[in-house]
Amino acid sequence: MRLVSFLATLVLALSFSRPATAASAAPDFTLVQALFKKHCVECHSVTDAENNLILENFASLMKGGDGGVPVLPGKSADSLLMKSLEGRDKVKIMPPGKKKKLDASELAVIKAWIDGGAKPPAIATEPVRELVTPKIAPRVTPRKSIQAIAFAAQPNVIAVARYREVELRDAETGALRHTLTGIRGNVNSVAFSTDGRWVAAAGGEPGLQGQAAIWRVTDGGLVRKFEGHFDALYSVALSPDGKLLATGSYDQKIKLWDTATGKEVRTLTGHNGAVYGLAFRPDGRVLASASGDRTVKLWEVATGKRLDTFSQPTKEQYTVAFSPDGRRLVAGGVDNRIRLYAVSAGAVEGTNQLLESKFAHEGAVLRIVFASDGATLLSSAEDRTVKWWDAAKLVERGHLDPQPDLAPAVAFTAGNTRFVVGRLDGTLQFFDAKTGQPGKVAVNR
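Counting from 1 along the sequence shown, just add 958 to a position and that's the residue number in this note's numbering.
This is the structure:
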């Protein structure tokens, strides 16, 4: 009995004393990525990749740069990355100069990750991060502000973007048809497919995650979600054929997604500020973007190649729209101006022209939309005004009295005889497109 007891104790002790394998002890790549963000991304980002080495994500790291492949899975001692971080084997230590170097504990994390096989991040097993905020009961029933509006001629509905939801309302009566939920944070942009079957929305949690979604208009059923940005989304657009979804984020990136599978097709990089506005040209070949970096850019959809950059704006640009014939482009933003451009068939640099630059409002231009016939423009601004313009010459045709709150959401409805205005106070109102007289339909929520 004593021998049996001794052997059992010995087996138990050995089981607890066995060292963990490298794979089981290896930290997740997200920990390594956090160290890169702290020490390395300043010089090795997508927009500023020294030696063509990008350390912002796993795929780019493993691809390497001009110096070759930086990581040899399972071999930290032989990996160029560790040699540069430790400054050994005649490799210059990084980060360079007087910048703070990684300490022993940080180096140990990267070593353990490499020796554990340099595996990609375990995204599928990571819980979605949530903002934890105190629960404070409001004294009055709050209204959900309106951030964006879109119109679909068929089946004659408007999409109203609010916090965590999109309302589908009858464009004639304002009656609620469906409430679409399941999206995080403020919904900052909405867009319909050309055939009116789908509606897309973009939102997310600032600093955490961007999220877009597509729903069926007929029954409000969710079709698909799209996640991949590292910050909130501020713009969304569906290609004319409905095959691609474009999203623009505060993370300065534009992503194109396959609507059939939900997979990312490509990322467009080049903006140095948040992407606030997106618009596909009606032929689907060109995408326009408006950014906080004070530029408007044109992109070739098929390749992701930048075609042209309009640098005339002096401040952030919030909104961009193509005319129905695709020959003109309008943009507006914080410099209070609306700019009208002629865009060539190829849209390449040197073939596009600034036609007009109009001081339009006493505040930042929030939204510009074309009427479906291309003859009229509708704009709203931070000075609480809404105006409509001759689209060919940027001559003002009329304006509304100052609104009770900011109106970031405007859209023409069927026949361009009316337009709808959505405000931050949560109210929605229709107006006559010629006289500006308010209609009977008003939605308070």
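A virtual CB, placed ideally from N, CA and C, is assigned to each residue, including glycine.
- prompt: How big is the Cα-Cα spacing for Glu1340 and Ala1248?
  reply: Their Cα atoms are separated by approximately 17 Å.
field: Beta-carbon proximity list for Thr1083, same chain, < 6 Å, skipping 5 on both sides
entry: Confidence is the limiting factor: at Thr1083 the pLDDT is only 45, short of 50, which leaves the residue's position unreliable and the question unanswerable from this model.
query: Buried or exposed: which applies to Ser1338, given that a residue is buried once 16 or more other Cβ atoms fall within 10 Å of its Cβ?
result: buried
- request: Would you mind giving the Cβ-Cβ distance between Pro1362 and Thr1343, rounded to the nearest angstrom? I have them listed as a contact below 8 Å.
  value: That belief does not hold up - the Cβ atoms of Pro1362 and Thr1343 are roughly 12 Å apart, past 8 Å.
query: Out of Thr1334, Lys1021, Ala1160, which has the shortest C-alpha to C-alpha gap to Val1233?
result: Ala1160
- request: Could you check what DSSP says for Leu1364 in three-state terms: helix, strand or coil?
  value: coil
field: Strand pairing of Pro1396, partner residues [DSSP]
entry: Phe1389
field: DSSP state of Ile1172 mapped onto helix, strand, coil
entry: strand
task: Classify Ile1094 as buried or exposed, calling it buried when 16 or more other Cβ atoms lie within 10 Å of its own Cβ.
output: Its Cβ having fewer than 16 others within 10 Å, Ile1094 is exposed.
field: 7 Å Cβ shell around Val921 - same chain, five flanking residues per side excluded
entry: Absent from the model: residue 921. The displayed extent of the chain is 959 to 1403, so no value can be given.
message: Going by beta-carbon coordinates alone, are Leu1013 and Val1027 separated by less than 8 Å?
response: no
message: Measuring straight from C-alpha to C-alpha, what distance separates Ala1365 and Ala1066?
response: 53 Å
Which residues DSSP lists as bridging Glu1314, in chain order: Leu1298
query: Considering His1136, what are the terminal residues of the alpha helix (DSSP H) in which it resides?
result: Careful: His1136 lies outside any alpha helix (DSSP H), inside the beta strand (DSSP E) at 1134-1144.
field: Cutoff 6 Å; reference Ala1329; Cβ partners in own chain excluding five residues on either side
entry: Phe1370, Asn1374
field: Start and end residues, beta strand (DSSP E) containing Ile1326
entry: 1323-1328
query: So what does DSSP say about His1229, is it helix, strand or coil?
result: coil
- request: To the nearest angstrom, report how far apart Leu989 and Pro1271 are at their CA atoms.
  value: Looking at the two C-alpha atoms, the distance is approximately 40 Å.
query: Which residues in the same chain as Leu1382 place their Cβ atom closer than 6 Å to its Cβ, once the five residues preceding and following it in sequence are excluded?
result: Non-local beta-carbon contacts of Leu1382 in its own chain, meaning distances under 6 Å to residues more than five positions away in sequence, involve Ser1103, Asp1363, Leu1364 in chain order.
message: Closest to Lys1056 by C-alpha separation, out of Pro1396, Gln1169, His997, Phe1388, would be which residue?
response: His997
Where Gly1373 falls: helix, strand or coil (DSSP): In the three-state reduction of the DSSP assignment, Gly1373 falls in the helix class, which pools H, G and I.
- request: Can you check the segment 1242-1281 for any beta strand (DSSP E) of at least 3 residues that lies completely inside it and give the ranges in chain order?
  value: 1244-1249, 1254-1258, 1264-1268, 1275-1280
task: Pick helix, strand or coil for Glu1125, following the three-state DSSP scheme.
output: strand
field: Reduced DSSP secondary structure (H/G/I, E/B, other) of Thr1217
entry: coil
field: Selected residue, minimal CA-CA separation from Thr1393, among Gly1356, His1229, Val1378
entry: Gly1356
message: Classify Leu1336: buried if its beta carbon has 16 or more other beta carbons within 10 angstroms, exposed otherwise.
response: Buried, because 16 or more other Cβ atoms sit within 10 Å of the Cβ of Leu1336.
- prompt: According to DSSP, is Lys1102 helix, strand or coil?
  reply: In the structure shown, Lys1102 adopts coil according to DSSP, grouped into three states.
- request: Could you please give the first and the last residue of the uninterrupted beta strand (DSSP E) stretch that includes Ala1289?
  value: Ala1289 -> beta strand (DSSP E) spans 1286-1291.
- request: Could you check which residue in Pro1079, Asn1146, Ala1133 has the C-alpha nearest to that of Asn1015?
  value: Pro1079
message: For Phe1280, count the other beta carbons within 10 Å of its own beta carbon; 16 or more makes it buried, fewer makes it exposed. Which is it?
response: With 16 or more other CB atoms across the displayed protein chains lying within 10 angstroms of its CB, Phe1280 is buried.
- prompt: Do you know whose CA, among Gly1384, Ala1391, Gly1397, lies nearest Ala1119's CA?
  reply: Gly1384
query: Which ranges would you report for the beta strand (DSSP E) in the segment 1178-1220 if only whole runs of at least 3 residues count?
result: Considered as a whole, the segment 1178-1220 harbours 1180-1185, 1191-1196, 1202-1207, 1212-1216 as its complete beta strand (DSSP E) runs of no fewer than 3 residues, in chain order.
query: Any idea if Phe1317 is buried or exposed, counting beta-carbon neighbours within 10 angstroms, 16 or more meaning buried?
result: exposed
- prompt: Thr1334 to Ile1326, Cα distance in whole Å?
  reply: 10 Å
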